[in-house]
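Undergrad:
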Amino acid sequence: MELIEKLAILGDSAKYDVSCSSSGSNRASKKGMVGNTALPGICHSWADDGRCISLLKVLFTNYCIYDCKYCVNRCSNDIKRASFTPDELCNLTIEFYRRNYIEGLFLSSAVVKSPDYTMELIIAALKKLRYEHRFNGYIHVKSIPGADLRLVHEAGLLADRISVNIELPTVSSLKLLAPQKSHESIIKPMSFVSEQIQGANELTIYRKRQTFAPAGQSTQMIIGATRDNDLTVLRLTSELYKRYKLKRVYYSAYVPVNEHKDLPALNTSPPLLREHRMYQADWLLRFYGFEANELLDETHSNFDINLDPKCDWALRNLDKFPVEINKAPLEMLMRVPGIGYQMAQKIVRARRLAPLNYEDLKKMRVVLKRARYFITCNGKYYGGIDLDTDDLYPLLAEKTDPKVYVGQISMFG
Amino acid sequence: MIYVTDGSFEGVLTAVFEAYKNKTEPEDIIVSKDGYQLSLLPAMEVASDSEKSARVEKAIVEKMGREALETIYRAYLSDSPDVGMAIYNFIKIGLKTGRRVLSYLQHPDILKVHDMSSRVLKETHLFLGILRFRKLKNGIYYSKIEPDGNIIAFLAEHFAARLSDQPWIIHDAKRGICALYNTIEVVFTDEPIHLKEDFQDEFETLWKRYFDTIAIESRKNLKLQRQFMPKRYWKNLIEKQNL
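As you go down the protein sequences, you meet chains A and B in turn. Each residue of the first sequence is one higher than the one before, counting from 29 in my numbering. Each residue of the second sequence is one higher than the one before, counting from 63 in my numbering.
1. Taking only the alpha-carbon atoms, compute the straight-line gap between S280/B and V285/A and give it to the nearest angstrom.
2. Between which two residues does the alpha helix (DSSP H) harbouring V100/A extend?
3. On the DSSP bridge list, what partners appear for F250/B?
4. Taking C-beta pairs closer than 7 angstroms, name the residues in chain A that Q262/B reaches, listed in chain order.
5. Below 7 angstroms on C-beta distance, what does E301/B contact in chain A?
6. If we ignore side chains and look at the alpha-carbon of each, how far apart do T428/A and S179/B end up?
7. In whole angstroms, give me the CA-to-CA distance for G211/B and I375/A.
8. For L177/A, which of helix, strand or coil comes out of DSSP?
9. How about the region 338–349 of chain A and the region 358–371 of chain A: do they share at least three Cβ pairs that are nearer than 8 angstroms?
10. So N283/B contacts chain A; which residues on that side make the cut at Cβ distance below 7 angstroms?
11. Please list, in chain order, the residues of the region 383–398 of chain A that have any C-beta partner in chain B closer than 9 angstroms.
12. Going straight from the alpha carbon of S70/B to that of K158/B, what length do you get?
13. Kindly indicate which three-state DSSP category Y282/A falls into: helix, strand or coil?
14. Is it true that the CB of L294/A sits closer than 7 angstroms to the CB of E303/A?
15. Check for me: the beta strand (DSSP E) holding R189/A runs from which residue to which?
16. Does the beta carbon of Y65/B sit closer than 7 angstroms to a beta carbon anywhere in chain A?
17. Could you give the DSSP three-state label for S210/A: helix, strand or coil?
18. At the 7 angstroms Cβ level, is G191/B part of the contact set with chain A, yes or no?
19. I need the straight-line Cα distance from V180/A to S246/A, nearest angstrom please.
20. How would you call R271/A, buried or exposed, if buried means at least 16 neighbouring beta carbons within 10 angstroms?
21. For S94/B, write down the residues that DSSP places opposite it in a beta bridge.
22. Using the beta-carbon count (16 or more within 10 Å), is Q262/B buried or exposed?
23. Shorter than 7 angstroms from the beta carbon of L381/A to some beta carbon of chain B?
24. For D227/B, go through chain A and note every residue whose CB falls closer than 7 angstroms to its CB, in chain order.
25. Should L83/A and I151/A be called a contact, given that it needs their Cβ atoms to be closer than 7 angstroms?
26. Is there a Cβ from chain B that is less than 7 angstroms from the Cβ of I70/A?
27. Here's a check: name, in chain order, each residue in its chain whose Cβ is nearer than 7 angstroms to the Cβ of G160/B, leaving out the five neighbours to either side.
28. Within the region 322–359 of chain A, note down every full alpha helix (DSSP H) run reaching 4 residues or more, in order along the chain.
29. So, is the C-beta of M291/B closer than 7 angstroms to a C-beta in chain A?
30. How far does the beta strand (DSSP E) with M362/A in it reach, from first residue to last?
31. Which residue from R294/B, T251/B, L299/B and L286/B puts its Cα closest to that of F273/B?
32. Ends of the beta strand (DSSP E) at E107/B?
33. Determine which residues of the region 160–176 of chain B have a Cβ less than 7 angstroms from any Cβ of chain A, and write them out in chain order.
34. In chain order, what residues of the same chain have a beta carbon less than 8 angstroms from the beta carbon of A218/B, not counting five sequence neighbours either side?
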């Protein structure tokens, strides 16, 4: 098979994996080697779906022994199959890198023969790339669920980031859709990787070199393939950040690729807005000091699709508003709908020079469309209406079509 | 008084020096000669003077800190037509506020320089990603860029570290300047370069195929794509050409 056809097949098979980040690693160039890594990561292009392309994201092979119902590569699907040779993969990576198409390689694989066998293939290819082709750029490797931890360790030594995909947020969903993968086969390597990364961190202190997955660990969950609600996904997310110190949790709106009674119908469009809400909430957890149980609870177990999660929270906590822009602490400014992390910091710095009035905020380009209802400037309120949940809802909802009001009824009715 | 500079950073700072020496507010500081049209107002050509500009630089660093000088320099690189006066106003305010000048974003003159500088930072970061090298028959990697700001020096620094074992040329076609790298050092030139545009490279075809493959059809969102990667940059992107 021609290389171009392989690339098309194995790129196509890998495209449902969301993560493409090349951040978190800061490795300088080395003599005799090709490349380095940039701490914030670099996007090299954006595909027609608007997602960034940073890494060459491919499967090593899409021949699979598993039959996970949600997956396009399940063995019972009649699709074109291919495998790279290690040399083909190395050449593609290096040559793309030299032309500045990519930051590096994201290597995943279907499970061929056994998890251990697959993991060994991946490791062999990565070794070739690092030691023979002298590649010093970014590598993200997928750990195959069920592989021996010794192999996971070896992969982590070669890669910048390592990830195990959770895919489904509950044990019961996993049983339903991926009966050959066990909950344990996912959590065990995740916990192991987490220990290795922290261990390497401690070694760094006296050896000055961190070698095990310096850019940390990430994972991915599919949104909308099962009936799991947002609360379940968010709680699990928060747990993953806290317990396993994950760098990122990615969400992937389920794109129906297979026909099955346990799955959404093939003509269902991917729940992109719900995925977007999950990402917004994820940012609130990681950078804004929110706890999962502040955003959702048993009585409110799904995000309102018409509101961003911060607005959703603010409307249920109106007693905390309005806040005075010239006095509120940074943490509270960040909780104002429409004021982001960076803007909150700019405000705190700017108000030290002179008190800020409403016009100043406009000049600084604070997005006041939503923020105006939640702030005062020198004691003056510019929202123009009472702080009332029912009155504010239609003003804050992102869509003003009739569905907004349906959402409102189900929320407060 | 209108001050007309030779377009260099030194020239701009020299003009600021002259304006302070003359104790009159300048009507304008012209950075780009192309944009300058004779007016009835008195104009004065300023010859770049390294001593005078060094004194202004020193005052900026002492009063406002290194970061302020870097911000001013990046704003200069934005090639905005009104950058001369923007820098003058920034310095004038900064001499009063001191180190906090960079936080004074409610002041339009400070915000202006801040914006110019951050546009340059953002575009530089974008180009670290969207700059494409094409491999010539002779083994040299050639890249043509047309950025809004004058960012070639930042790009050259990045690629000299990253792709240190391959010779490359980065050619800013808008400004007619080149960064040449021979695997040892970077040299900048404004001499025109002549290339036989003979790119036959299987990896370009492979890359384009990969690019077309990786998008998920049911998530198609061309508006989002353009938001991240504005259309004016597409003509130098391999994956956006019909090969």
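Each residue gets a CB set at the ideal place from its N, CA and C atoms; glycine is no exception.
TA: Concretely, from the data shown:
1. Counting from 1 along the second sequence, the entry for residue 280/B is found at position 218. Counting from 1 along the first sequence, the entry for residue 285/A is found at position 257. Distance between the alpha carbons of S280/B and V285/A: 11 angstroms.
2. One-based indexing of the first sequence puts residue 100/A at position 72. No residue range can be given for V100/A, since it is assigned to no alpha helix (DSSP H) and is classified by DSSP as neither H nor E.
3. In the second sequence, residue 250/B corresponds to position 188, counting from 1. Its beta-bridge partners are A241/B.
4. Residue numbering aside, residue 262/B sits at position 200 when the second sequence is read from its first letter. Those within 7 angstroms of Q262/B in chain A number zero; the least Cβ separation is about 14 angstroms.
5. Locating residue 301/B in the second sequence gives position 239, counting from the first residue. Those within 7 angstroms of E301/B in chain A are S73.
6. Position 400 of the first sequence, counted from the first residue, corresponds to residue 428/A. Position 117 of the second sequence, counted from the first residue, corresponds to residue 179/B. Any reading at T428/A must be qualified, since the residue scores a pLDDT of 43, below 50, and its modelled position is unreliable; the value itself is stated next. Taking C-alpha positions only, T428/A is separated from S179/B by approximately 37 angstroms.
7. Locating residue 211/B in the second sequence gives position 149, where the first residue counts as 1. Locating residue 375/A in the first sequence gives position 347, where the first residue counts as 1. For G211/B and I375/A, the distance between alpha carbons rounds to 28 angstroms.
8. Residue 177/A sits at position 149 when you count from the first residue of the first sequence. Here L177/A sits in helix by DSSP.
9. yes
10. Within the second sequence, residue 283/B is the residue found at index 221, counting from 1. Per Cβ cutoff of 7 angstroms: D77 and G78.
11. L384, N385, E387, D388, L389, K391, M392 and R393
12. Counted from its first residue, the second sequence places residue 70/B at position 8. Counted from its first residue, the second sequence places residue 158/B at position 96. Using only the alpha carbons, I get a separation of about 26 angstroms.
13. Position 254 of the first sequence, counting from 1, holds the residue named residue 282/A. Taken through DSSP and simplified to helix, strand or coil, Y282/A comes out as coil.
14. As a first step, residue 303/A is located in the first sequence; it is residue number 275 there, counting from the start. As a first step, residue 294/A is located in the first sequence; it is residue number 266 there, counting from the start. No, these two residues do not count as a Cβ contact at 7 angstroms.
15. Here residue 189/A corresponds to residue number 161 of the first sequence, with the count starting at 1. Residues R189 to S191.
16. Locating residue 65/B in the second sequence gives position 3, counting from the first residue. Judged by the 7 angstroms Cβ criterion, Y65/B is not in contact with chain A.
17. Taking the first residue of the first sequence as 1, we reach residue 210/A at position 182. S210/A falls in the coil class under three-state DSSP.
18. Here residue 191/B refers to the residue found at position 129 of the second sequence. Using a CB distance cut-off of 7 angstroms, G191/B counts as an interface residue toward chain A.
19. Residue 180/A sits at position 152 when you count from the first residue of the first sequence. Residue 246/A sits at position 218 when you count from the first residue of the first sequence. Straight-line Cα distance between these residues: approximately 14 angstroms.
20. By one-based count along the first sequence, residue 271/A stands at place 243. When all chains shown are included, R271/A counts as exposed.
21. Here residue 94/B refers to the residue found at position 32 of the second sequence. S94/B pairs with nothing; no bridge assigned.
22. Locating residue 262/B in the second sequence gives position 200, where the first residue counts as 1. It is exposed - the Cβ of Q262/B has fewer than 16 other Cβ atoms within 10 Å.
23. Along the first sequence, one-based indexing puts residue 381/A at 353. Yes, contact with chain B.
24. Reading the second sequence from its first residue, position 165 is the one you call residue 227/B. The answer, in chain order, is V62.
25. Here the question's residue 83/A lines up with position 55 in the first sequence. Here the question's residue 151/A lines up with position 123 in the first sequence. In this structure, I151/A does not lie closer than 7 angstroms to L83/A by Cβ.
26. Sequence index remark: in the first sequence, residue 70/A carries index 42 (1-based). It does: the Cβ of I70/A has a partner Cβ on chain B nearer than 7 angstroms.
27. As a working note, residue 160/B is residue 98 in the second sequence. Cβ neighbours of G160/B beyond the five flanking positions: K125 and M126.
28. Runs found: 337–343.
29. What you label residue 291/B is simply residue 229 of the second sequence in a count that begins at 1. Answer yes: the Cβ-Cβ gap between M291/B and chain A drops below 7 angstroms somewhere.
30. In the first sequence, the residue the question calls residue 362/A occupies position 334. Run containing M362/A: none; DSSP gives neither H nor E here.
31. Position 211 of the second sequence, counting from 1, holds the residue named residue 273/B. For F273/B, the nearest C-alpha among the options comes from L299/B.
32. By 1-based counting over the second sequence, the position of residue 107/B is 45. A105 to E107 is the extent of the beta strand (DSSP E) around E107/B.
33. R162, S165, Y166, L167, Q168, P170 and L173
34. Here residue 218/B refers to the residue found at position 156 when the second sequence is read from its first residue. The answer, listed in chain order, is I232, A241, Y243, V248 and F250.
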